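Worksheet for the structure shown next.
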Amino acid sequence: MAAVAVQQTAGLFSGLLERMENIDFVKQFADNPDAALREAGLGISLADFTKQLSENPQLFEAVVGKLSNNVEFINKSNIAMSSCDQPR
């Protein structure tokens, strides 16, 4: 029975997880999570989403995995040149 619940939850959040592969969506999610959740087709609040994350370790791991990949990329793309790299 628990496996069915996990599959249903994963199905519910599949659109969100797919969108989290898009860096622009991740930025939108960071700026306005409620709007991002609506755009992903979820009719839940950030509080409900957070509750789902705390109750479902597989969903939590999936979301963290998607976000960490894109956050790492965003951070690397925003790194300023060091003084050693700047033209003289």
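Throughout the sequence shown, residue numbering follows the working numbering, covering 13 to 100 in sequence. Ideal placement from N, C-alpha and C gives every residue a C-beta, glycine not left out. From a predicted model like this one, the values you see are computed outputs, not experimental measurements.
Relative to the Cα of LYS78, the nearest Cα in the group GLY23, VAL38, LEU24 belongs to VAL38. Within the same chain, ALA48 come within 6 Å of PHE41 by CB-CB distance, once the 5 residues on both sides are set aside. Annotation for GLU51: ARG31, PHE37, GLN40 place their beta carbon closer than 8 Å to its own, counting only its chain and skipping 5 residues before and after.
LEU54 is positioned such that its CB atom lies closer than 9 Å to that of PHE25. Annotated three-state conformation of ASN44 is coil, per DSSP.
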